[in-house]
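J.: Number 42 in UniProt numbering belongs to position 42 of the sequence shown; there are no gaps in the numbering.
Beta carbons are placed, not taken as given, at the ideal position from N, Cα and C, and that holds for glycine.
It should be emphasised that the depicted structure is a prediction, and the values quoted were computed from it without experimental measurement.
Can you read through this structure? Questions will come right after.
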Amino acid sequence: NAFPPTEYLGRIYVDSLLHSTDSILLAKNVLGEDQVMLGSDFPFLLGEDIPGALIEGCSSFTNEIKQKIFYKNALRFLNLNENLFF
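Okay, here's the thing in structure tokens:
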């Protein structure tokens, strides 16, 4: 392949169910804040007791980054308009 792997990072999405704030920070730093979305594993109890608690616990995340991870990135990925929901 003529392209280095880093050329594909903008096409990769991950969910936030990474079990540690260090992992969420790594995903955000490597892939970018636009590539991470809230994950829960619902209805199975494999993830956080309160979905999004780890994101809220990342003190370096601004409110804008948290909103992207909580819902804005998913809306963009699904090509949905935020005005339909708020």
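#1: Determine the extent of the alpha helix (DSSP H) in which N83 is found, giving its start and end residues.
#2: For the alpha helix (DSSP H) containing N1, name the first residue and the last one.
#3: For G38 and E64, what's the separation of their Cα atoms in angstroms?
#4: Are the Cβ atoms of I12 and I55 separated by less than 8 Å?
#5: Any idea if residue 93 is buried or exposed, counting beta-carbon neighbours within 10 angstroms, 16 or more meaning buried?
T.: Straight from the coordinates:
#1: As a first step, residue 83 must be located in the sequence shown, where it is residue number 83. Premise fails: N83 is in no alpha helix (DSSP H) and is neither H nor E.
#2: Numbered from 1 along the sequence shown, position 1 holds the residue referred to as residue 1. Here N1 belongs to no alpha helix (DSSP H), and DSSP marks it neither H nor E.
#3: Locating residue 38 in the sequence shown gives position 38, where the first residue counts as 1. Locating residue 64 in the sequence shown gives position 64, where the first residue counts as 1. Residue identity differs from the one stated: residue 38 is Leu in this sequence, not Gly. Cα to Cα, the separation comes out at about 14 Å.
#4: Locating residue 12 in the sequence shown gives position 12, counting from the first residue. Locating residue 55 in the sequence shown gives position 55, counting from the first residue. Cβ distance not < 8 Å, so I12 and I55 don't count as in contact.
#5: In the structure displayed, the chain extends from 1 to 86; residue 93 sits before or after that span and is not available.
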